[in-house]
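Below is one structure; the comments refer to it alone.
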Amino acid sequence: MGRERFSLQQGMVAAQISISLVLLVGALLFVRSFRNLLTVNPGMRASGITVAFLGFWQSALQPERWGPYEEELLDEIRAVPGVRSAAISTRVPLLPGSWEHGVTVGAREGTSKFTWVSPDYFQTMEIPIFRGRGFSRDDAASSRRVAIVNDTFVRQFLSGDPVGQTLRTLKEPDYPSTQYEIVGVIPDTRYNDLRSETPAMTFAPVSQFPAPGPWGWVMIRSDMPPAAIASAVKKTLAEEHPDVLTEFSDLQEQIRDGLMAERLMAMLSGFFGFLAVLLATVGLYGVISYVGQMRSNEIGIRIALGATRGTVIGIILRQTLRLLAVGIVAGLAFALAGARGAGSLLYGLRPNDPLTFAGATALLSMVALFASLVPAYRASRTNPVVALRCE
Numbered sequence: 031m032g033r034e035r036f037s038l039q040q041g042m043v044a045a046q047i048s049i050s051l052v053l054l055v056g057a058l059l060f061v062r063s064f065r066n067l068l069t070v071n072p073g074m075r076a077s078g079i080t081v082a083f084l085g086f087w088q089s090a091l092q093p094e095r096w097g098p099y100e101e102e103l104l105d106e107i108r109a110v111p112g113v114r115s116a117a118i119s120t121r122v123p124l125l126p127g128s129w130e131h132g133v134t135v136g137a138r139e140g141t142s143k144f145t146w147v148s149p150d151y152f153q154t155m156e157i158p159i160f161r162g163r164g165f166s167r168d169d170a171a172s173s174r175r176v177a178i179v180n181d182t183f184v185r186q187f188l189s190g191d192p193v194g195q196t197l198r199t200l201k202e203p204d205y206p207s208t209q210y211e212i213v214g215v216i217p218d219t220r221y222n223d224l225r226s227e228t229p230a231m232t233f234a235p236v237s238q239f240p241a242p243g244p245w246g247w248v249m250i251r252s253d254m255p256p257a258a259i260a261s262a263v264k265k266t267l268a269e270e271h272p273d274v275l276t277e278f279s280d281l282q283e284q285i286r287d288g289l290m291a292e293r294l295m296a297m298l299s300g301f302f303g304f305l306a307v308l309l310a311t312v313g314l315y316g317v318i319s320y321v322g323q324m325r326s327n328e329i330g331i332r333i334a335l336g337a338t339r340g341t342v343i344g345i346i347l348r349q350t351l352r353l354l355a356v357g358i359v360a361g362l363a364f365a366l367a368g369a370r371g372a373g374s375l376l377y378g379l380r381p382n383d384p385l386t387f388a389g390a391t392a393l394l395s396m397v398a399l400f401a402s403l404v405p406a407y408r409a410s411r412t413n414p415v416v417a418l419r420c421e
């Protein structure tokens, strides 16, 4: 009866080790995936950028004055102490949302994301222009239409030198078919999140935006804390333009908020992984202690015949290694199957990432061996006289 109970305990501990390894692999995969998202290079500056939403629909301005008025507000924001640069954009990068138009380039047709920006946008966001030029104040509403595209756009639609070539947008409500001359190229940047592949992107001067409204976003770069620069800008605008509504947000904080699901998954998997390892450690400690008690007479005889403490500890640890081997083999099989199912949730990692599996196995093995040292050391101190007398 005692041996059957012991075998059941061994089976339960092996199962605990197996489950612990599965959860530990999952925890490491999600934690590393979340870390990859936090450290991914979006191709632009995210820290130190404050996003200001300006609404001036309460003013009595005529529609033809909306664009110039927004430029006036931008100039006043630039003059605020602590503002290094500022630019208008029709959408905030790296946040959910999409602005897309159909385009034709020669015989090729497709779609491209569109954003209209003021001349200082690329400087503010620290996006280099490695071919051609950026926008200037000369790119006015009455000027020829110009555009800056990204590398992906060039690969999808163009051949040869892209600067000087043209693209045409398809007609849509409020957006007439328009021909743009490409005057510059930028490297690929992330569009509306950190996970997605970069789409073809086109930027045009905000002064040539075909459907302006009494609102706009301003990207503000500053070395001051976001709350401080927001307060300073809000105060300046309120004094001169009390009818302008303002809202401010920190771009980097908004990006992190967009990773809430990934952060929650990493935290939950980490918690359950830790809990599973703890339970496996406690179970293994109990089983190895029981092994020491069951084999106390054998250990007493071995010590009486001259066995060293190291020999006795080795006997007990071999029992641990057998349980570990069974649990790890089963755990690796289940972990591989589970990781394949969670592959779509990972970023920058393969579901069968060898470093993660090796790290989880090594960590669990070290914890298990450490948990076995105390009962093994206790068994090595068995008094052979007492052990044989009990027998």
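Its first residue numbered 31, the sequence shown is counted upward by one per residue in the numbering used here. By construction, the Cβ of each residue, glycine as well, lies at the ideal position given by its N, Cα and C atoms. Since the model is a prediction, treat every value here as computed from it, not as a measurement.
* Go ahead and label M295 buried or exposed: buried means 16 or more other beta carbons lie within 10 angstroms of its beta carbon, across all protein chains shown. => By the beta-carbon neighbour count (other beta carbons within 10 angstroms, threshold 16), M295 is buried.
* To do: State yes or no: is the C-beta of W247 within less than 8 Å of the C-beta of A82?
  => A contact, by the Cβ cut-off of 8 Å.
* Residue nearest to L58 in terms of C-alpha spacing, selected from R161, A372, F239 and G85 -> Nearest C-alpha to L58: A372.
* Looking at C-alpha atoms only, which residue of V184, E130, M290 and N180 is the closest neighbour of K201? -> Considering only alpha carbons, the answer is E130.
* Asked: Looking at C-alpha atoms only, which residue of T120, T228 and T311 is the closest neighbour of L354?
  -> Considering only alpha carbons, the answer is T311.
* So, using beta-carbon positions, are S148 and I118 closer together than 8 Å? -> Yes, the Cβ-Cβ distance between S148 and I118 is below 8 Å.
* Thinking C-beta only, is L51 closer than 8 Å to G361? -> Closer than 8 Å, so yes.
* Flag this pair as touching only if the region 397-404 and the region 62-77 have three or more C-beta atom pairs under 8 Å; answer yes or no. => With a cut-off of 8 Å, the region 62-77 and the region 397-404 do not count as touching, because too few Cβ pairs lie within range.
* **N-terminal and C-terminal residue of the beta strand (DSSP E) that G243 is part of** => Here G243 belongs to no beta strand (DSSP E), and DSSP marks it neither H nor E.
* Spatial distance of F183 from I47 (CA atoms) -> Straight-line spacing of the CA atoms in F183 and I47 works out to 51 Å.
* Alpha carbon to alpha carbon, how far is S173 from F165? Give it in angstroms, no decimals. => Approximately 12 Å, taken between the alpha carbons.
* What residues match up with T145 in a beta bridge as DSSP calls it? -> DSSP lists F233 as partners of T145.
* Three-way DSSP call (helix, strand, coil) for Q92 in this model -> When DSSP states are grouped into helix, strand and coil, Q92 belongs to the coil group.
* To do: Provide the residue span of the alpha helix (DSSP H) that contains V263, from first to last.
  => V263 -> alpha helix (DSSP H) spans P256 to E270.
* For G303, which of A44, Q153, L393 and I345 has the nearest alpha-carbon? -> G303 has its Cα closest to that of L393, out of A44, Q153, L393 and I345.
* Within its chain, find whatever has a CB closer than 6 Å to the CB of G41; leave out the 5 residues flanking it on each side and keep chain order. => So the list is empty, once near-sequence residues are dropped.
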